[in-house]
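Heads up: take any position in the sequence shown, counting from 1, add 12, and you land on our numbering. Note that beta-carbon positions come from the ideal geometry of N, C-alpha and C, so glycine has one too. Taking it in order: structure first as structure tokens, then the write-up.
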Amino acid sequence: KLSHLKDEIALLKQFVQAEKPVLGICLGAQLLAAAVGSEVAAGEKEIGWFPVRKLPDAFKDPVLRRLPENFPALMWHGDHFPLPKGAAHLLSTEKCSCAGFRYGKKAYGLVAHLEMTAAMVDEMVAGSRKELAAAGVEVSGILEDTSEHAEPVEELARVMWRAWVGLLG
């Protein structure tokens with residue numbers, strides 16, 4: 013599925029082996045999962061704001077432990093992967109059993125888009141109207157949810173980014 017990105021996957025393997033910090037979001041999480049042995053495959057689309065659940069490993073994780081047990085996040089994917097063997101299972105949603113993982117001490121894969129601001133979501137929606145219509149996703153619903161969730165999620169993301177930057181040493 014990701015064969016056109018084999019160079020990126022090889023680079024991620026090198027980073028993981030060297031224990032360098034990695035943060036892969038959405039496609040980046042898929043690439044990281046592939047780099048550490050999981051198979052990425054097409055699955056059910058999950059587009060919009062969905063509840064994310066923190067799993068037991070996340071409560072003691074240095075990057076995610078300060079996030080609440082449940083929080084909304086923008087999801088925008090159709091490819092899925094199982095938890096990589098040996099990884100800490102951090103996050104899940106109803107449709108995405110592996111929405112976040114840590115491999116080793118410093119390699120994170122997050123399917124959830126915690127990096128998105130309201131302006132970024134607006135821009136992404138504007139450029140994706142055909143994709144959204146084909147997936148049966150209501151643009152107005154995403155925009156309404158964005159106005160409700162984006163600002164609080166930005167604060168959660170800042171907490172997470174500060175903790176992740178601490179891994180850079």
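Look at the alpha carbon of D91 and the alpha carbon of L39, and state the distance between them as a whole number of angstroms. One C-alpha to the other measures close to 9 angstroms.
Which one or two residues does DSSP pair with E160 in a beta bridge? Per DSSP, none; premise fails for E160.
In the DSSP assignment, the beta strand (DSSP E) including M87 goes from what residue to what residue? In the DSSP assignment, M87 falls within the beta strand (DSSP E) that extends over N82 to H92.
In terms of residues, what are the limits of the beta strand (DSSP E) holding L179? First-last for L179: undefined, no H or E at that position.
Heavy atom of the ligand GTP less than 7 angstroms from the Cβ of A175, yes or no? Looking at this structure, you won't find the ligand GTP or any other ligand, since it has none at all.
How should Q42 be labelled, buried or exposed, when 16 other C-beta atoms within 10 angstroms of its C-beta is the threshold for buried? buried
With L103 as the anchor, note down where its beta strand (DSSP E) starts and where it stops. A100 to S104
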